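Asks: Residues in the sequence shown are numbered from 7 upward in steps of one, following the working numbering. Backbone N, C-alpha and C fix where the C-beta goes; we use that ideal spot for every residue, glycine too. All values derive from a computational prediction rather than experimental measurement.
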Amino acid sequence: MIRADLHIHTTYSDDSTVTPKTLVEKLNAHNSIKAAAVTDHDTVKGLNETRKLASAYPDILIIPGVEISTPEGDLLVLGAEENPPKPWTVENVVDFARNNDYISVVAHPYREYGMGDLARNYKVDAIEVINGESTPQANKMAHDLAKSMKLPGTAGSDAHSPSEPLTVYTEIQADLNVDEILKAIKKGLVTTHSTARSIHF
Ligand SMILES: [Zn+2]
Numbered sequence: 007m008i009r010a011d012l013h014i015h016t017t018y019s020d021d022s023t024v025t026p027k028t029l030v031e032k033l034n035a036h037n038s039i040k041a042a043a044v045t046d047h048d049t050v051k052g053l054n055e056t057r058k059l060a061s062a063y064p065d066i067l068i069i070p071g072v073e074i075s076t077p078e079g080d081l082l083v084l085g086a087e088e089n090p091p092k093p094w095t096v097e098n099v100v101d102f103a104r105n106n107d108y109i110s111v112v113a114h115p116y117r118e119y120g121m122g123d124l125a126r127n128y129k130v131d132a133i134e135v136i137n138g139e140s141t142p143q144a145n146k147m148a149h150d151l152a153k154s155m156k157l158p159g160t161a162g163s164d165a166h167s168p169s170e171p172l173t174v175y176t177e178i179q180a181d182l183n184v185d186e187i188l189k190a191i192k193k194g195l196v197t198t199h200s201t202a203r204s205i206h207f
């Protein structure tokens with residue numbers, strides 16, 4: 007079993023002040039959360055630097071990813087090392103994830119830039135049920151959406167500042183290995199947790 011924060015923005019996102027170095031140092035210092043997905047806005051450019059820094063520490067793992075802005079709301083693609091082909095419609099991004107064995111996740115469905123109930127129209131792989139920047143009420147609605155769509159839930163801090171990474175995490179029945187982690191999420195071998203609030207769906 008591992009613990010991973012599945013939604014983090016580095017300074018490769020215009021609106022984040024979390025440097026790759028800060029993220030790697032936080033993972034190294036944490037006693038149980040040893041994996042994190044880098045999910046910058048519309049770019050995978052932060053991945054190389056972050057992975058290079060992380061390679062100095064054998065017991066931490068950077069999971070590739072990206073947060074794609076679609077006209078209907080934000081979609082995380084976990085596992086992605088490159089951007090999906092444009093145009094970035096929900097359908098194209100979901101297909102891109104499926105065809106490459108990545109995972110499409112509806113990010114923070116019930117806040118700004120969230121897909122809301124539109125998520126029901128697509129064959130997404132998972133719903134983000136705890137987002138560190140969402141209200142407890144919005145997270146509860148996301149949890150209910152995942153339940154009614156019979157999809158796994160994921161959790162991530164959506165960190166944009168240095169104090170935020172690893173405050174929210176997903177517990178995954180897998181070893182510290184990207185392929186195993188993606189497969190386990192798809193199978194729903196996950197539970198979601200927040201250290202900031204007492205939310206345990
Ligand atoms: Zn985000």
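Could you give the distance in angstroms between the alpha-carbon of MET155 and the alpha-carbon of PRO115?
Replies: 13 Å
Asks: Excluding the 5 residues flanking ARG9 on each side, which residues of the same chain have their C-beta closer than 6 Å to its C-beta?
Replies: SER38, ILE39, TYR175, GLU177
Asks: Across which residues does DSSP place GLU177 in a beta bridge pair?
Replies: ARG9, THR197
Asks: Considering only heavy atoms of ligand 1, does any lie closer than 7 Å to the CB of GLU118?
Replies: no
Asks: Ignore the nearest five residues each way along the sequence and tell me which others in HIS206's own chain have a CB closer than 7 Å to its CB.
Replies: Bear in mind that the predicted position of HIS206 carries a pLDDT of just 47, short of 50, making it unreliable; the figure below should be weighed with that in mind. Result list for HIS206: HIS199, in chain order.
Asks: Give every residue whose Cβ lies closer than 5 Å to any heavy atom of ligand 1, listed in chain order.
Replies: GLU73, ASP164
Asks: Please classify SER204 as buried or exposed, where buried requires at least 16 neighbouring CB atoms within 10 angstroms.
Replies: Residue placement at SER204 cannot be trusted, given a pLDDT of 46 that sits under 50; what the coordinates show is reported in the next sentence. When all chains shown are included, SER204 counts as exposed.
Asks: Just curious, the alpha helix (DSSP H) that ALA125 is in, first and last residue?
Replies: ALA125 -> no alpha helix (DSSP H), and no H or E assigned at all.
Asks: Taking the beta strand (DSSP E) that THR95 falls in, what are its first and last residues?
Replies: Counting along the chain, THR95 falls outside any beta strand (DSSP E), and DSSP gives it neither H nor E.
Asks: Taking only three categories from DSSP, how would you classify LYS32?
Replies: helix
Asks: Between which two residues does the beta strand (DSSP E) containing GLU134 stretch?
Replies: 132–137
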